[in-house]
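In what follows, a single structure is set out as structure tokens and then discussed.
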Amino acid sequence: KKKNSGHGNSCKFGLKFIIKKYKKYKYILQIDSDNQCDPKYFFQIYNLIINYNYKFIFGYRNLREDGYLRFFISKIMSITFFFKKFIYVKDLNTPYRVMNVLELKKVLRILSKNSNYEKIQLFNCLMSYGIKKYSDINWINIKFRKRIYGNSNYNLLKMLTLFLNFIYRI
Numbered sequence: 823k824k825k826n827s828g829h830g831n832s833c834k835f836g837l838k839f840i841i842k843k844y845k846k847y848k849y850i851l852q853i854d855s856d857n858q859c860d861p862k863y864f865f866q867i868y869n870l871i872i873n874y875n876y877k878f879i880f881g882y883r884n885l886r887e888d889g890y891l892r893f894f895i896s897k898i899m900s901i902t903f904f905f906k907k908f909i910y911v912k913d914l915n916t917p918y919r920v921m922n923v924l925e926l927k928k929v930l931r932i933l934s935k936n937s938n939y940e941k942i943q944l945f946n947c948l949m950s951y952g953i954k955k956y957s958d959i960n961w962i963n964i965k966f967r968k969r970i971y972g973n974s975n976y977n978l979l980k981m982l983t984l985f986l987n988f989i990y991r992i
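At position 47 of the sequence shown the residue is numbered 869 (the working numbering), and the sequence of numbers has no breaks.
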């Protein structure tokens, strides 16, 4: 049993658990559970895997119903990150990802060699950075719906704090 330790740490725990425990699977689907990500895009992703053998396919939230502030924050994150690392990831914290298990394992192994990365709370952003740096991300456009269930625990101040932690430690 795992205690609540935040979104990023929970994603990291879940991905590492799956990689270690379920070795027979080739791909992992990571999708938020708050109904903002429409699962209908999975079929498009599946076709890209079958036809092109892509290792990482992420949903780019080109249409967003979660408000202009979150859209603006996502853009600022990508641009700031670009100026820090000269690597452009157009949606660093996308909640819709399909990842090849073996390739993800390689990326996570490389990232884990830097002890500073364990202190980064925005694990999904760190993972996007690692994948873009050591592999490639193939994007599909997705519509990101308005939140229907639950409330976000991340207000503007908390999001800014997490992002500054990410930029400082990366």
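For every residue, glycine included, the Cβ atom is placed at its ideal position computed from N, Cα and C.
Please state the DSSP three-state secondary structure of lysine 968.
Walking along the sequence shown from the start, residue 968 turns up at place 146. Looking at lysine 968 - three-state DSSP - the assignment turns out to be coil, as it is neither helix nor strand.
Which complete alpha helix (DSSP H) runs does the segment 916-952 hold, if anything under 4 residues is left out?
923-934
Please list, in chain order, all residues of the same chain as isoleucine 970 whose beta carbon is under 7 Å from its beta carbon, the five residues on each side excluded.
To locate residue 970, count along the sequence shown from 1; it is residue 148. Cβ neighbours of isoleucine 970 beyond the five flanking positions: Asn857.
Can you tell me whether glutamine 943 is buried or exposed, with buried defined as 16 or more other CB within 10 angstroms of its CB?
For this step, residue 943 is matched to residue 121 along the sequence shown. Buried.
Closest to leucine 933 by C-alpha separation, out of Pro917, Ser957, Asn915, would be which residue?
To locate residue 933, count along the sequence shown from 1; it is residue 111. When each option's Cα is compared against that of leucine 933, the closest is Ser957.
Beta-carbon within less than 7 Å of aspartate 888's beta-carbon, same chain only, minus the 5 sequence neighbours each way: which residues are those?
In the sequence shown, the residue the question calls residue 888 occupies position 66. So the qualifying residues of the chain are Gln858, Phe966, Lys968, Arg969.
Which runs of the beta strand (DSSP E) spanning at least 3 residues fall entirely within the segment 862-898, listed in chain order?
For the segment 862-898, the continuous beta strand (DSSP E) assignments of 3+ residues that do not extend past its boundaries occur at 878-886, in sequence order.
What does the Cβ neighbour count give for isoleucine 794, buried or exposed, with the cut at 16 atoms within 10 Å?
As displayed, the chain neither begins before 823 nor continues past 992, which places residue 794 out of reach and without an answer.
Return yes when the Cβ of isoleucine 989 is within less than 8 Å of the Cβ of lysine 912, no when it is not.
Locating residue 912 in the sequence shown gives position 90, counting from the first residue. Locating residue 989 in the sequence shown gives position 167, counting from the first residue. Going by beta carbons, lysine 912 and isoleucine 989 fall outside the 8 Å limit.
Since isoleucine 962 and tyrosine 863 are thought to touch, with beta carbons under 8 Å apart, how far apart are those beta carbons, to the nearest angstrom?
Residue numbering aside, residue 962 sits at position 140 when the sequence shown is read from its first letter. Residue numbering aside, residue 863 sits at position 41 when the sequence shown is read from its first letter. About 6 Å; that satisfies the 8 Å criterion.
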